[in-house]
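*Asks:* Chains as they are written, first to last, in my numbering: chain Y, 1 to 106; chain U, 1001 to 1254; chain L, 2001 to 2132.
Structure below; questions to follow.
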């Protein structure tokens, strides 16, 4: 008999919601920051990717206890779900805050 | 590099912020109104549900009959086949005429259509209202400079109503700020509403990929046909009990 | 805790935004071209710190609070932020709380051991009588 892990759905959903909440706040904050700093376009997107990844690393280390290698307990495929999946999904939020603050500050 | 356009700072306070503010408020209002209008889940009529659940029971029996002994299996098989061939569990008497029923006379279908219409109304009315409002008051305003350049193909959409064909695409009109808001407001709603399921429903409405509710098509199979087919399936079920030769297997294992 | 962090972060960003706004106004009135002179470094630092504080606030806002179990004891969750998704571990947490999300299924009439329940009841009522 092959041993396959059974997952408890509600907890998995809850974890995903928490992750996306952190990522929402991050991208909004980054957008505000980008609007204030007013970087060149290329650096602006670079700023987003770097800031987003740094906050994800912080999430991975503190919340998932990733340094102890326990991230697999909380997400089915931790690296993909945390770092890749929502990257494009959160860009509109970032752009919105960027535009708004940029227009207000200038 | 074209020289900078000097935009009136008052534009920020009287165009940019009001649009964002109104969009956030309308989004929240819409989430609440949708919740009020959607009501509780609809119940299936008792007879209809009984019809389906009996079919489910037969299906479960067919899948799991190996846990029964030979005698138990025989009894159940007989019972199920006999009942499937009567009209005991039909939700409504079967009429002999083969004329397909008009799907619009069925009340359950009407309900589904009604819900779809409500959803669409909740979706289109605020959007058209806001767009109309923006087009009415702020038509042709160049309100902001985007922090990043775009290709010229966006000009048509983002500088709608601006009568300067050579203007840099980075300067956009009020309607484009509306679009940016439409895409980017999700986290604001999440933080304000504290209930992401409502937000998800909201964003789903906005992205206009509504799932079509199941409308019983006129070509759906009749209940009696389904029941007859199920009875035939049951007739040919090959029963193999897990208790067959259990003594030998246990002894062998030790 | 998370609220304080959110407020502090927002104030930092707001202040940085206002400073940068004033800075741009100053550039405009003194007729510098705004492209060749960057923002003063204190604003940049303030923005970065503000973002970090906000992210920290969001991280601390997802912390799981302590539970109160059925027996009125405070239970600390095993993991501070997230819940384990493996079935075995998730149910272990429920057992600690002495609640069961599948109770509705497990207490169906077919699963109740009537004989055992009666024995328990008899024992309990016997105790009551003895105490009296």
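Backbone N, C-alpha and C fix where the C-beta goes; we use that ideal spot for every residue, glycine too.
#1: Apart from the five residues just before and just after residue 1081/U, which ones in its own chain have a Cβ nearer than 7 angstroms to its Cβ?
#2: Among residues of its own chain, excluding the 5 on either side of residue 1050/U, which ones have a beta-carbon nearer than 8 angstroms to its beta-carbon?
#3: Which residues in chain U have a C-beta closer than 9 angstroms to the C-beta of residue 21/Y? List them in chain order.
#4: Kindly indicate which residue of 1146/U, 1242/U and 1159/U has the alpha-carbon position closest to the one of residue 40/Y.
#5: Taking the alpha-carbon of residue 1023/U as reference, which of 1248/U, 1194/U and 1189/U has the nearest alpha-carbon?
#6: Measuring straight from C-alpha to C-alpha, what distance separates residue 2072/L and residue 2099/L?
#7: Since residue 18/Y meets chain L, which of its residues come closer than 8 angstroms, beta carbon to beta carbon?
#8: CA-CA distance, residue 2005/L and residue 2054/L?
#9: Any beta carbon from chain L within less than 8 angstroms of residue 100/Y's own beta carbon?
#10: Less than 8 angstroms between the C-beta atoms of residue 104/Y and residue 1012/U, yes or no?
#11: Anything in chain Y within Cβ reach of residue 1328/U, meaning under 7 angstroms, just list it in chain order.
#12: With distances taken between CB atoms, is the gap from residue 1159/U to residue 1167/U smaller than 8 angstroms?
#13: Identify, in the order they occur along the chain, each residue of the same chain with its Cβ nearer than 6 angstroms to the Cβ of residue 2069/L, setting aside the five sequence neighbours on each side.
#14: Could you say which of 1067/U, 1130/U and 1123/U lies nearest to residue 1244/U if we only look at CA atoms?
#15: For residue 2121/L, count neighbouring Cβ atoms within 10 angstroms of its own Cβ and tell me buried if that reaches 16, exposed if not.
#16: Near residue 1026/U, what residues of its chain come up, given a Cβ to Cβ distance below 6 angstroms and the 5 sequence neighbours on each side ignored?
#17: Using 8 angstroms as the limit for Cβ to Cβ distance, is residue 95/Y near chain L?
#18: Could you tell me if residue 2041/L is buried or exposed, where buried requires 16 or more neighbouring beta carbons within 10 angstroms of its beta carbon?
#19: With respect to the beta strand (DSSP E) encompassing residue 1173/U, which residues constitute its N-terminal and C-terminal limits?
#20: I want to see whether chain U comes within less than 8 angstroms of residue 78/Y, judged by CB atoms only; does it?
#21: Which residues in chain U sit within 8 angstroms of residue 10/Y, going by Cβ to Cβ distance?
#22: Using 8 angstroms as the threshold, is the C-beta distance between residue 60/Y and residue 2085/L below it?
#23: With the cut-off set at 8 angstroms, would you say residue 21/Y and residue 2062/L are in Cβ contact?
#24: Ordered along the chain, which non-local residues of its own chain (more than five positions away) have a Cβ less than 8 angstroms from that of residue 2083/L?
#25: How about residue 74/Y and residue 53/Y: are their beta carbons less than 8 angstroms apart?
#26: Check whether the Cβ of residue 7/Y lies closer than 8 angstroms to any Cβ atom in chain L.
#27: Using a cut-off of 8 angstroms between C-beta atoms, extract the partners of residue 2024/L located in chain Y.
#28: Quick one: using the 10 Å Cβ neighbour count with 16 as the cut-off for buried, is residue 1186/U buried or exposed?
#29: Quickly, what does DSSP pair residue 2018/L with across the bridge? List them, please.
#30: Tell me the DSSP secondary structure of residue 2068/L in three-state form.
#31: I want to see whether chain Y comes within less than 8 angstroms of residue 1138/U, judged by CB atoms only; does it?
#32: What three-state label does DSSP hand residue 2001/L in the structure shown?
#33: Measuring CB atoms only, is the segment 24-34 of chain Y touching the segment 2105-2114 of chain L, in the sense that at least three cross pairs come out at less than 8 angstroms?
#34: Residue 1248/U to residue 80/Y, Cα distance in whole Å?
#35: From residue 1135/U to residue 36/Y, what does the alpha carbon distance come to, in whole angstroms?
#36: Whose C-alpha, out of 1237/U, 1251/U and 1224/U, is nearest the C-alpha of residue 1087/U?
*Replies:* This is what the structure gives:
#1: 1231, 1234 and 1235
#2: 1089 and 1091
#3: 1187, 1190, 1191 and 1196
#4: For residue 40/Y, the nearest C-alpha among the options comes from 1146/U.
#5: 1189/U
#6: 12 angstroms
#7: The contact set of residue 18/Y on chain L, defined by CB atoms closer than 8 angstroms, consists of 2062, 2081 and 2082 in chain order.
#8: 6 angstroms
#9: no
#10: Yes, these two residues count as a Cβ contact at 8 angstroms.
#11: It is not possible to answer for residue 1328/U, since the shown part of chain U is limited to 1001 through 1254.
#12: yes
#13: The beta carbon of residue 2069/L lies closer than 6 angstroms to those of 2075, 2097 and 2098 in the same chain, with the five residues before and after it left out.
#14: 1067/U
#15: exposed
#16: 1126
#17: no
#18: exposed
#19: 1171-1173
#20: no
#21: By Cβ distance, chain U contributes nothing, its closest Cβ being about 13 angstroms from residue 10/Y, past 8 angstroms.
#22: no
#23: yes
#24: 2064, 2077, 2090 and 2093
#25: no
#26: yes
#27: 105 and 106
#28: Under this definition residue 1186/U is a buried residue.
#29: Under the DSSP definition of a beta bridge, residue 2018/L lacks any partner.
#30: It is a strand residue.
#31: no
#32: coil
#33: no
#34: 50 angstroms
#35: 29 angstroms
#36: 1224/U
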